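The opening residue of the sequence shown carries number 11 in my numbering; numbering runs sequentially from there. The beta carbon of each residue, even a glycine, is placed where N, CA and C say it ideally should be. Every value quoted in this text rests on a predicted model; they were computed, and no experiment measured them.
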Amino acid sequence: MTTREERAEDEALDWFLRLTSGAADDGERARFEAWHKADRRHADAFAAVEAIWADADALGEAFAADPPTTPAAPTAPAAPAATRPRPMPRAAPRPTRRRWRAPLAVAAVAVLALLAGPEALLRLQADHRTGVGEQAQIVLADGSRLHLNTDTAIALELRDTARRITLLSGEAIFDVAHDPDRPFTVTAGSGQISALGTSFRVRLLNEGGEVAVTEGRVAVDTGGGDALELGAGQQASFADGTPPGPIAPVRQVGWPSGFVSLRDMPLANALAEIDRYNPGLIVLAAPEVAARRVTARIALADLEGGIEALAATENLSVTRLTSYLLVLQ
11 MTTREERAED
21 EALDWFLRLT
31 SGAADDGERA
41 RFEAWHKADR
51 RHADAFAAVE
61 AIWADADALG
71 EAFAADPPTT
81 PAAPTAPAAP
91 AATRPRPMPR
101 AAPRPTRRRW
111 RAPLAVAAVA
121 VLALLAGPEA
131 LLRLQADHRT
141 GVGEQAQIVL
151 ADGSRLHLNT
161 DTAIALELRD
171 TARRITLLSG
181 EAIFDVAHDP
191 DRPFTVTAGS
201 GQISALGTSF
211 RVRLLNEGGE
221 VAVTEGRVAV
231 DTGGGDALEL
241 GAGQQASFAD
251 GTPPGPIAPV
261 RQVGWPSGFV
271 SLRDMPLANA
281 LAEIDRYNPG
291 LIVLAAPEVA
301 ARRVTARIAL
311 ADLEGGIEAL
321 AATENLSVTR
331 LTSYLLVLQ
């Protein structure tokens, strides 16, 4: 689980991006002030984000180029003073006749991305996200339900004529409310999944993903050939530039019910699957048993107990070296 300090850092970055977007209303600014005063950790985390912003101009120099005919980009306006407890520094204008400097807002985002890595980019893009080991259910205005698995992020685009969801990371189940006038599509990497009034699961993998249908039908398109239509009880993988498939029976998953389901898989793969829900790291220091096939059902609420039970079946011991490291040997 995330610590209070980590949660404060996440919330501070979210508030900073919201307040400097220019779209924050009086109600949001009041909620920010209440959040800022509620805990010293909140104030400290927000001050750290502001400090990054103050140093953003230095990063702007790294983006400098000098095409003679390129006009200078305008500096992004600072947020109104009412949106924050102290002024946010702005970079002083510099001569731009022979030098183009990235806008301050772009520089600030780049600094955050450098410091926080992909997580910062997800926070910029995601409308909803879960941490490692967390699940969440989102109910859309049309009645559709989205069940997010561990370490998952989604972005929403809901219009009068279409409903578009982008799966930015992780895995989600989509129970789609029927509305023929508003097509429901999910984009996941190179795959676009079009629902035809249905329930289906999408998971992003390293080089593509997989779609599994439990009710209704979906069409899966990767731009690599004809779209593949899947019906209830069917699943298929997809990857960039190749036709989706082949079609296989749906692999049941346990996480919606609070379990990790491991069915006849190599022990190394089973531990990797468990590690998706574990905020630390699981290391198998016994390569000779990595290929042994295991079947198990482990409660998400007691991962460590499940790991110990699984290890015992293979005559392995479990050693916790730190709060975030388990070693099986």
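7 Å CB neighbourhood of residue i in its chain, flanking five on each side removed
{"i": "Arg343", "result": "Examination of residue 343 is not possible in this model, given that the chain is present from 11 through 339 alone."}
{"i": "Arg28", "result": "Ala34, Glu38"}
{"i": "Pro289", "result": "Met11, Val142, Gly143, Tyr334"}
{"i": "Arg14", "result": "Arg51"}
{"i": "Ala72", "result": "Annotation note: pLDDT 46 at Ala72 (below 50); position unreliable, coordinate value reported separately. Taken in chain order, the list of residues that qualify is empty."}
{"i": "Val149", "result": "Arg155"}
{"i": "Val230", "result": "Gly201, Ile203, Val221, Ala237, Leu238, Leu240, Ala246, Phe248, Pro254"}
Span of the alpha helix (DSSP H), counted from its first residue to its last, around residue i
{"i": "Arg347", "result": "Residue 347 is absent from the structure shown; the chain starts at 11 and stops at 339."}
{"i": "Glu318", "result": "313–323"}
{"i": "Leu281", "result": "277–285"}
The beta strand (DSSP E) enclosing residue i, as first and last residue numbers
{"i": "Thr305", "result": "303–309"}
{"i": "Gly201", "result": "201–205"}
{"i": "Asp231", "result": "227–231"}
{"i": "Glu43", "result": "From DSSP, Glu43 is part of no beta strand (DSSP E) but of the alpha helix (DSSP H) over 36–48."}
{"i": "Glu144", "result": "Unbroken run through Glu144: none, as it is neither H nor E."}
{"i": "Gln244", "result": "244–248"}
{"i": "Leu335", "result": "335–338"}
{"i": "Thr195", "result": "194–198"}
Under 8 Å between C-beta atoms of residue i and residue j
{"i": "Gly241", "j": "Pro259", "result": "no"}
{"i": "Arg211", "j": "Ile183", "result": "yes"}
{"i": "Pro266", "j": "Thr232", "result": "no"}
{"i": "Ala151", "j": "Leu168", "result": "yes"}
{"i": "Val223", "j": "Gln245", "result": "yes"}
{"i": "Gly218", "j": "Ser247", "result": "yes"}
{"i": "Thr171", "j": "Val186", "result": "no"}
{"i": "Ala278", "j": "Ala300", "result": "yes"}
{"i": "Ala165", "j": "Gln202", "result": "no"}
{"i": "Ala22", "j": "Ala61", "result": "no"}
Cut-off 6 Å between Cβ atoms - residues of its own chain near residue i, not counting five sequence neighbours on either side
{"i": "Arg139", "result": "Ala163"}
{"i": "Ile292", "result": "Leu281, Asp285, Leu336"}
{"i": "Thr329", "result": "Val337"}
{"i": "Asp250", "result": "Ser200"}
{"i": "Arg173", "result": "Arg192, Phe194"}
{"i": "Leu320", "result": "Ala306"}
{"i": "Ala295", "result": "Val337, Gln339"}
{"i": "Phe42", "result": "Trp25"}
{"i": "Leu376", "result": "The structure shown does not extend to residue 376, since the chain spans only 11 to 339, so no value can be given for it."}
Other residues of its chain near residue i: CB distance less than 8 Å, five sequence neighbours each side excluded
{"i": "Gly264", "result": "Val270, Ser271, Arg307"}
{"i": "Arg302", "result": "Pro276, Leu277, Glu324"}
{"i": "Gln147", "result": "Arg155, Leu156, His157, Leu158"}
{"i": "Leu331", "result": "Val337"}
{"i": "Trp45", "result": "Glu21, Trp25, His52"}
{"i": "Ser327", "result": "Ala321, Leu338, Gln339"}
{"i": "Glu318", "result": "Val328"}
{"i": "Gly316", "result": "Val270, Ile284, Ala306, Ile308, Ala309"}
Beta-bridge pairing of residue i - partner residues as DSSP gives them
{"i": "Ile183", "result": "His157, Arg211"}
{"i": "Pro259", "result": "Gln244"}
{"i": "His138", "result": "Ile164"}
{"i": "Glu220", "result": "Arg213, Ser247"}
{"i": "Val270", "result": "Ile308"}
{"i": "Leu294", "result": "Leu338"}
{"i": "Val328", "result": "Leu338"}
{"i": "Glu239", "result": "Ala229"}
{"i": "Leu177", "result": "Ile164"}
{"i": "Thr252", "result": "Ala249"}
With a cut-off of 8 Å, do at least 3 Cβ pairs link the region 132–146 to the region 185–203? Judged by Cβ distances under 8 Å, the region 132–146 makes no contact with the region 185–203, as fewer than three pairs qualify.
Report yes or no: do the region 26–40 and the region 153–168 share at least 3 C-beta pairs separated by less than 8 Å? In short, these stretches do not touch, since the Cβ pair count stays below three.
Please determine if the region 42–55 and the region 13–29 are in contact, where contact requires at least 3 C-beta pairs separated by less than 8 Å. Under the three-pair Cβ rule at 8 Å, the region 42–55 counts as touching the region 13–29.
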